[in-house]
Every structure is written in C-alpha cells, then in structure tokens.
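For the sequence shown, the working numbering assigns the number 1 to the initial residue and increments by one for each residue that follows. Think of the CB as a built atom: it goes at the ideal place given N, C-alpha and C, for glycine as much as any other residue.
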Amino acid sequence: MSLTRHVSDADISAIFRLDWERHPVLSKYSKKSKNSFDWNVMSDLDEMYSGESEELTWQQSNRVIRKAADNLSDFFENQTLPQKMRQVLLQVLPDFAKLVAGELSQAKKRQVSFVGTHEARNTVSLGALRTQGIHITALPEDSIEAMNLLAQRYRPEMGAERLKSPGSVAPIGIPKFDSLYRKSTSSLRKAGIQGAVSAYLGHEVEPLYVALHHSVDSEDWWQGCYDDSNNAEYLHLDYDYDLIKAIIYLSPVAEGNGPFKYIQGSNKWTYSRSWLAFYKSFERALESQYAIRSPGDSYYRRRYRNPEFFKDLSELPPIFAGMSHFGDDLTLDSLEWNRVRDCERSILSTSGNCFVFDGSQLIHRGGMVLTGERLAIQVAYRKKPEFSTEKVYGDARSFARAIVKGK
Ligand SMILES: O=C(O)CCC(=O)C(=O)O
Ligand SMILES: [Fe+2]
C-alpha cells in the first residue's frame with residue numbers, strides 16, 4: 001500500500017485498533033471468530049459524543065448508553081469464549097457505561113462557557129487548550145530555581161525508589177502543604193494556569209496531586225514490547241477525562257532527555273469516541289486478568305508478556321482489539337504511524353518550561369530519557385468538590401487573620 005495516500009480523519013479510527021494482519025504477534029494467530037459483529041452498535045452513542053444529536057434528557061442519554069451496553073452483552077453471551085475472556089468482558093460493561101456517561105457529561109460542560117474567577121485573565125491559554133489541547137508557557141526563572149531547590153530534598157527518596165526497580169517509572173507524591181507542593185501550585189495559579197483549566201473544564205478545579213517525576217536512562221518500562229522497535233512506543237491517550245495535567249520542567253530538557261511529545265491536532269481528529277471508551281475499559285480489565293510479571297522485566301503493559309492474552313484476544317472479532325495506549329502496536333509501515341510521525345512535536349525547555357494539556361484528547365508520550373535525566377513536576381487538576389479541604393483550609397486561615405485583626 002502506498003504511504004503517500006492522504007490519511008483522512010475518518011481513517012484515523014484505525015489508529016487504536018491492532019492491525020491483525022501486520023501485527024508482530026497477532027498475525028501468528030488464526031482468526032477464530034467467524035461471527036460477524038455489527039460495528040454500528042455504537043453509532044447512536046457516537047452521535048451523542050459529537051454533540052450533533054438533538055438535546056437529550058439524562059434519561060434519554062442513559063437509555064442510549066444502556067442500549068449499546070445491552071447489545072454488547074448479548075453478543076458476548078452468544079460467543080464461545082475462553083473462560084477468562086468471558087470474565088473480563090463481564091467486568092467491562094459497567095465500567096464502559098460509567099465512563100461514557102462521565103465523558104458525555106464532561107463534554108457537555110466544556111461547551112458551556114464557564115464564568116470562573118480567572119477566566120477573563122486567561123483567554124489566551126484557554127484558547128490554546130481548547131484549540132490545540134495544550135498550552136505552553138514559561139514560568140519565571142526564579143520560581144523554577146526555587147522549586148528546583150525544594151525538589152533536591154527529595155533526591156534520597158527518589159534514589160531509593162530507583163534502586164528498588166531501575167527500569168520502572170518512579171514518580172514521588174509530594175505531600176499537601178509541603179513547601180514544594182505550595183510553591184508549584186501557587187506558581188501555576190499565578191501564571192493563570194489553574195484558572196484556564198477551570199474555564200476549560202467548565203467548573204472550578206483544584207490540584208488533585210503534585211508529583212515529582214525524575215526520569216533517567218536506566219528506565220525501560222516503555223521499551224521492548226516487541227523485538228522490532230517501531231518508534232511509536234508509548235503513544236497514548238490518558239484514561240481520565242476529567243483530569244488536566246500541568247508539567248513543569250525543573251531541569252534542561254533537550255531531545256534526548258525525555259521531552260514531552262504530542263501529536264499536533266490529534267485533539268480534533270475524528271474517530272469513534274464510543275469505541276475508544278470501550279477500549280479504555282477493556283484494556284484495564286485485560287491488564288487486571290492477564291498481566292504476568294517476569295523477574296527483571298519492567299515493561300508496563302504486563303499482559304503483553306502473556307501469550308494467553310493474544311490467543312484469547314484472537315477469539316474475538318478484530319473490532320474489539322483496540323487500545324488507548326496504542327503506540328507499541330503501530331506497525332512501521334502503517335498509514336497511522338506515518339500520520340502521527342508527521343504531526344509529532346517535542347516540548348524542549350528552550351521553548352517553554354511549563355505546559356498544561358488534556359491527555360484524554362491529545363495523543364502524547366513523554367519522559368523517555370535516552371541520555372542524562374529529566375526532573376519535572378506534574379500537577380493534576382480535577383473538579384473542586386463542594387466541600388474542598390483547600391477551601392476549608394483557606395477559610396480557616398482568613399478567619400484566623402480576621403480574628404487577629406480584631407474583626
Ligand atoms: O511525563 C511526561 O512527559 C508525560 C507523561 C504522561 O503521559 C502523562 O502524565 O499523562
Ligand atoms: Fe499520559
């Protein structure tokens with residue numbers, strides 16, 4: 001097949017599906033499933049995702065979700081399947097329905113402009129988040145230096161984590177109220193990032209966690225899925241639709257130091273969001289049932305080390321074999337790999353020391369160090385609960401101040 005053929009948005013749906021014929025492992029299994037399956041079982045759901053269906057009530061939306069799940073369930077029940085695969089599929093449907101309901105309600109919120117406290121000030125970064133799925137900026141150098149200094153205290157802890165498993169990813173959670181936690185969240189707040197995230201998601205957000213992420217060249221958790229490396233390793237979409245992440249580089253990041261990479265424009269690509277939601281639920285359940293651990297092997301998708309996983313997958317119609325963490329499975333000569341390669345952009349510290357992105361919409365990868373190291377802070381934002389600990393803390397402090405001032 002000629003690679004010069006233009007890959008249209010419609011074709012990109014295949015990006016998440018394993019290419020059975022050319023896949024390094026699946027091609028060795030004969031396709032057992034003779035049953036045909038109606039791919040359109042998701043089309044009503046997809047219409048809801050696209051926002052093109054008429055305004056539906058919650059009951060009506062739930063009925064559409066329910067119908068898709070029921071159709072899938074009927075299909076699973078009538079298949080001859082390996083016991084373990086049946087167990088996984090039973091597990092998947094409630095998760096799938098919940099994920100779709102959550103994504104649809106989040107998508108609805110995003111369409112409504114949120115008049116948050118910071119929105120007016122953050123139209124620039126908000127615009128980039130909406131149009132590009134990412135906003136890149138530079139925090140003041142003195143803030144970066146201050147955070148870097150505070151981060152050094154965690155070197156012993158990071159070193160100990162590293163010793164336990166040299167090949168694995170090893171982020172360290174920073175306790176709330178620690179000065180590094182406070183410095184990083186306040187820097188992001190002052191730079192307008194937190195406000196932009198609130199406006200983007202359509203509700204007030206707060207930091208969910210702050211993690212110090214030290215990446216080094218001994219890591220191989222994203223490497224060596226197959227013998228033949230395809231260069232698309234670890235390309236993925238995040239599972240969580242309601243989490244927005246900000247990353248601050250504390251060390252210089254050049255091409256070899258594991259820069260964050262994203263596929264420009266992928267947040268606007270059209271593909272079946274419903275099938276992607278299915279794949280997300282499915283891959284979690286598959287990982288819980290099929291993962292095997294071999295000593296000294298840190299590859300992160302452990303089910304891929306289990307031949308039973310591929311064998312059982314081959315008993316399902318190919319439409320079901322899809323992954324949101326799809327990079328390792330793309331074949332070198334596929335149209336999809338050529339498409340993403342052309343659109344891939346790296347964020348180097350020379351172009352910005354801080355960025356915020358929607359990892360459930362923008363295809364990305366990062367932290368894959370070839371030489372030296374990368375030290376970064378990751379802050380994730382999520383909807384502020386009605387009774388937020390942050391708020392209580394804030395109120396208590398201003399209350400105390402007011403008392404001290406004699407008010
Ligand atoms: O550390 C990075 O550069 C990105 C990691 C990532 O994919 C994520 O946090 O979602
Ligand atoms: Fe990610």
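Bridge-paired residues (DSSP) for residue i
{"i": "Phe-357", "result": "Ile-134, Lys-245"}
{"i": "Tyr-200", "result": "None, per the DSSP bridge assignment."}
{"i": "Arg-345", "result": "Tyr-262"}
{"i": "Pro-171", "result": "His-213"}
{"i": "Trp-257", "result": "Per the sequence presented here, residue 257 reads as Asn, with Trp not at that position. Asn-257 pairs with Val-369."}
{"i": "Tyr-226", "result": "Its beta-bridge partners do not exist; DSSP assigns none."}
{"i": "Gly-322", "result": "Arg-17"}
{"i": "Tyr-381", "result": "Pro-207, Ile-244"}
{"i": "Ala-376", "result": "His-213, Tyr-249"}
{"i": "His-236", "result": "His-325, His-364"}
Rounded Cβ spacing between residue i and residue j (contact assumed at less than 8 angstroms)
{"i": "Gln-132", "j": "Asn-267", "result": "7 angstroms"}
{"i": "Gly-372", "j": "Asn-257", "result": "5 angstroms"}
{"i": "Ile-12", "j": "Arg-339", "result": "7 angstroms"}
{"i": "Pro-259", "j": "Gly-366", "result": "7 angstroms"}
{"i": "His-364", "j": "Tyr-239", "result": "Their Cβ separation, rounded to whole angstroms, is 13 angstroms, which puts His-364 and Tyr-239 out of contact at 8 angstroms."}
{"i": "Ile-15", "j": "Glu-336", "result": "4 angstroms"}
{"i": "Leu-45", "j": "Val-64", "result": "6 angstroms"}
{"i": "Leu-276", "j": "Ser-324", "result": "6 angstroms"}
{"i": "Val-25", "j": "Leu-286", "result": "Contact doesn't hold; Cβ gap of about 14 angstroms is too wide."}
{"i": "Leu-180", "j": "Ala-151", "result": "6 angstroms"}
{"i": "Trp-221", "j": "Ser-168", "result": "5 angstroms"}
{"i": "Ser-351", "j": "Tyr-29", "result": "Contact flag wrong, Cβ pair sits at about 44 angstroms."}
{"i": "Ile-193", "j": "Ser-272", "result": "Wrong, their Cβ atoms sit about 31 angstroms apart, outside the cutoff."}
{"i": "Phe-278", "j": "Phe-96", "result": "5 angstroms"}
{"i": "Ala-191", "j": "Leu-235", "result": "With a Cβ gap of about 28 angstroms, Ala-191 and Leu-235 do not count as contacting."}
{"i": "Ser-27", "j": "Met-48", "result": "Wrong, their Cβ atoms sit about 35 angstroms apart, outside the cutoff."}
For residue i, the nearest candidate out of the options (CA to CA)
{"i": "Lys-164", "options": "His-364, Ser-298, Ser-125, Ala-232", "result": "Ser-298"}
{"i": "Leu-104", "options": "Tyr-262, Asp-242, Arg-301, Met-368", "result": "Asp-242"}
{"i": "Val-205", "options": "Arg-382, Val-369, Tyr-49", "result": "Arg-382"}
{"i": "Asp-38", "options": "Met-48, Asp-74, Leu-180", "result": "Asp-74"}
{"i": "Leu-410", "options": "Val-100, Ser-360, Pro-24", "result": "Because the chain here runs from 1 to 407, residue 410 falls outside it and cannot be looked at."}
{"i": "Gly-265", "options": "Cys-225, Pro-156, Ile-134, Gly-167", "result": "Ile-134"}
{"i": "Gly-51", "options": "Ser-179, Glu-21, Val-88, Gln-111", "result": "Gln-111"}
{"i": "Asn-231", "options": "Ser-143, Leu-90, Met-368", "result": "Met-368"}
{"i": "Glu-141", "options": "Pro-156, Ser-187, Glu-161, Gly-167", "result": "Ser-187"}
{"i": "Asn-40", "options": "Gln-59, Glu-54, Ala-69", "result": "Ala-69"}
{"i": "Lys-108", "options": "Leu-235, Leu-56, Arg-302", "result": "Leu-56"}
{"i": "Thr-185", "options": "Asp-312, Thr-80, Tyr-226, Ala-246", "result": "Ala-246"}
{"i": "Ser-143", "options": "Ser-61, Arg-189, Ser-274", "result": "Arg-189"}
{"i": "Trp-269", "options": "Met-48, Leu-362, Asp-19", "result": "Leu-362"}
{"i": "Ile-244", "options": "Asn-71, Gly-224, Ala-196", "result": "Ala-196"}
{"i": "Ser-274", "options": "Pro-166, Met-42, His-23", "result": "Met-42"}
{"i": "His-23", "options": "Thr-80, Tyr-226, Tyr-300", "result": "Tyr-226"}
{"i": "Thr-80", "options": "Leu-316, Pro-385, Glu-255, Glu-157", "result": "Leu-316"}
{"i": "Arg-302", "options": "Ala-254, Asp-178, Pro-156, Gly-224", "result": "Gly-224"}
{"i": "Gly-153", "options": "Thr-137, Asp-178, Ala-170", "result": "Going by the sequence as given, residue 153 is Arg instead of Gly. Considering only alpha carbons, the answer is Asp-178."}
Point to revise | ligand 2 site residues, beta-carbon cut 6 angstroms against heavy atoms | key: Any residue whose Cβ sits closer than 6 angstroms to a heavy atom of ligand 2 makes the list: His-236, Asp-238, Gly-359, His-364.
Point to revise | Three or more C-beta pairs below 8 angstroms linking the stretch 323-332 and the stretch 171-181 | key: Touching, no, given that fewer than three Cβ pairs across the two stretches are closer than 8 angstroms.
Review point. Between the stretch 353-372 and the stretch 292-308, are three or more C-beta pairs nearer than 8 angstroms?
Key: No, the stretch 353-372 is not in contact with the stretch 292-308.
Practice item. Decide if the stretch 367-387 is in contact with the stretch 210-220; the criterion is three or more beta carbon pairs, one per stretch, under 8 angstroms apart. Key: Yes, the stretch 367-387 is in contact with the stretch 210-220.
Check your understanding: Counting pairs of beta carbons, one from the stretch 244-251 and one from the stretch 146-161, are three or more of them closer than 8 angstroms?
Key -> The answer is yes - the stretch 146-161 touches the stretch 244-251, with three or more Cβ pairs under 8 angstroms.
Exercise for review: Could you tell me whether the stretch 274-292 touches the stretch 308-322, using the rule of 3 or more Cβ pairs below 8 angstroms?
Suggested key: Contact between the stretch 274-292 and the stretch 308-322 is present, because at least three Cβ pairs lie under 8 angstroms.
**Study point:** Touch test, the stretch 127-142 against the stretch 187-205, Cβ-Cβ under 8 angstroms, three pairs minimum
**Key:** Short answer: they touch.
Review point. How do the stretch 215-226 and the stretch 332-346 stand: do at least 3 beta-carbon pairs fall below 8 angstroms, yes or no?
Key: The stretch 215-226, when compared against the stretch 332-346, does not touch it at the 8 angstroms Cβ threshold.
Review point. Taking one C-beta from the stretch 79-93 and one from the stretch 289-298 each time, how about it: are there three or more such pairs within less than 8 angstroms?
Key: At 8 angstroms Cβ cutoff, the stretches touch.
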